[in-house]
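Below is one structure, written out as structure tokens; comments come after it.
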Amino acid sequence: MSHSHHAEPHFIQRTGWLRASVLGANDGIISVTSLVMGMAASGANSHTLMIACLAGLISGATSMAAGEYVSVQSQKDIEHADLKFEAKLLEQHPHLELEELTTIYIHRGLTPELAKEVAIQLTEKNALEAHARDEIGIIEQTAARPIQAALSSALSFSLGALCPMLAILFSPEQLVSKIVLIVGIISLSLMGALSSYFAGTSLWKGSLRITVWGILAMAFSSWIGSLFDVNPM
Ligand SMILES: [Zn+2]
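Numbering-wise (the working numbering), the sequence shown opens with residue 12 and increments by one.
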């Protein structure tokens with residue numbers, strides 16, 4: 012389906028995979044930073060923190076991919092079943108389907124005569140496409156792509172998890188938990204602002220919202236970790 016006549020950019024068109032990627036990266040930052048903070052609070056050294064970070068990255072990325080694949084694939088199955096059923100109806104009851112399409116256009120505000128004419132012309136052009144779009148609400152741009160969705164959420168989670176990993180790698184041992192915390196807060200506020208930018212909403216509000224939730228997660232995780240001292244002196 013060509014949208015070349017559509018010159019002005021719309022927010023809804025870029026909120027698809029970009030929004031999913033930013034959310035995946037937020038997940039990666041929050042969950043892996045919290046994991047590392049919890050381990051650090053229990054007294055784990057940098058080497059152990061690095062292992063925890065890597066394990067968190069791998070488990071998080073694979074579970075994001077699996078969850079996203081299953082969710083998008085089932086959406087796709089529903090779309091397929093709907094289209095198959097619609098194609099069957101079009102074959103068996105073309106007149107009823109034409110009436111149905113006409114009624115849809117009347118409800119959208121066309122006069123009965125014009126609605127009928129539009130329905131006839133669109134049916135001649137591509138009846139299934141017209142019913143998919145105007146009756147079911149499936150357009151090619153929203154058609155689900157499960158593999159792409161799975162890979163992009165795994166990748167974006169991993170990129171998010173790289174923030175605490177790099178912080179551990181380049182921090183001196185005694186400062187590691189503080190630097191991981193600071194890197195976590197800065198990266199979350201940047202990602203929050205970025206997701207607001209893509210959604211076309213207030214940068215500050217989006218940034219603050221995700222950062223506050225991230226800090227809560229890290230604080231909770233640190234508190235739990237502090238209950239388990241792995242190096243009692
Ligand atoms: Zn129909």
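Backbone N, C-alpha and C define an ideal beta-carbon position, used for all residues, glycine too. All of these numbers come straight from a predicted model, not from anything done at the bench.
Local conformation of F209 per DSSP, three classes:
Counting from one through the sequence shown, the residue named residue 209 turns up at place 198. In this structure, F209 counts as helix in the three-state DSSP scheme.
What's the C-alpha gap between V83 and F168?
Start at 1 with the first residue of the sequence shown, and residue 83 comes out as number 72. Start at 1 with the first residue of the sequence shown, and residue 168 comes out as number 157. A straight line joining the alpha-carbon of V83 with that of F168 spans about 17 Å.
Within the present structure, is the beta-carbon of E108 separated from the nearest heavy atom of ligand 1 by less than 7 Å?
By one-based count along the sequence shown, residue 108 stands at place 97. Because some heavy atom of ligand 1 lies under 7 Å away, the Cβ of E108 counts as near it: yes.
Which of helix, strand or coil DSSP assigns to S232
Position 221 of the sequence shown holds residue 232. DSSP places S232 in helix when its eight states are reduced to three.
Can you tell me which of the three DSSP states L238 falls into?
Stepping through the sequence shown from its first residue, residue 238 is reached at position 227. For L238, the three-state secondary structure derived from DSSP is coil.
I115: first and last residue of the uninterrupted alpha helix (DSSP H) it sits in:
In the sequence shown, residue 115 corresponds to position 104, counting from 1. Counting along the chain, the alpha helix (DSSP H) containing I115 begins and ends at P105 to H118.
Exposed or buried, P175, counting other C-beta atoms within 10 Å across all chains shown (16 or more means buried)?
Translated into the one-based positions of the sequence shown, residue 175 becomes position 164. P175 should be labelled buried.
Could you spell out the range, first to last residue, of the alpha helix (DSSP H) harbouring F168?
Working through the sequence shown from its first residue, we reach residue 168 at position 157. Annotation: the continuous alpha helix (DSSP H) that includes F168 extends over P157 to L180.
Whether or not the region 70-88 and the region 117-128 are in contact is what I'm after, with contact meaning three or more pairs of Cβ atoms, one per stretch, closer than 8 Å; do they touch?
Judged by Cβ distances under 8 Å, the region 117-128 makes no contact with the region 70-88, as fewer than three pairs qualify.
Can you list, in chain order, the residues of its chain whose CB lies under 7 Å from that of T134, leaving out five sequence neighbours each side?
Reading the sequence shown from its first residue, position 123 is the one you call residue 134. So the list reads L109, L112 and A141, once near-sequence residues are dropped.
Restricting to Cα atoms, I'd like to know which of H58, L170, Q103 and T222 is closest to G35.
Counting from one through the sequence shown, the residue named residue 35 turns up at place 24. Its Cα nearest to that of G35, the residue L170 stands out among H58, L170, Q103 and T222.
Less than 7 Å separating the Cβ of H118 from some heavy atom of ligand 1?
Numbered from its first residue, the sequence shown carries residue 118 at position 107. For H118, the shortest separation between its Cβ and any heavy atom of ligand 1 does not lie below 7 Å.
Work out the CA separation of R156 and E146 for me, nearest whole Å.
For the purposes of this step, residue 146 is identified with residue 135 of the sequence shown, where counting begins at 1. For the purposes of this step, residue 156 is identified with residue 145 of the sequence shown, where counting begins at 1. Rounded to the nearest angstrom, the two C-alpha atoms are 21 Å apart.
Starting from the C-beta of V241, find all residues in its chain whose C-beta is less than 7 Å away, skip the five residues before and the five after it, and write them out in chain order.
For the purposes of this step, residue 241 is taken as the residue at position 230 of the sequence shown. Counting only Cβ-Cβ distances below 7 Å, and skipping sequence neighbours, we find S53, G54 and A55.
If we require 3 or more residues per run, which beta strand (DSSP E) segments fall completely within the region 27-101?
DSSP runs (the beta strand (DSSP E)) wholly in the region 27-101: none.
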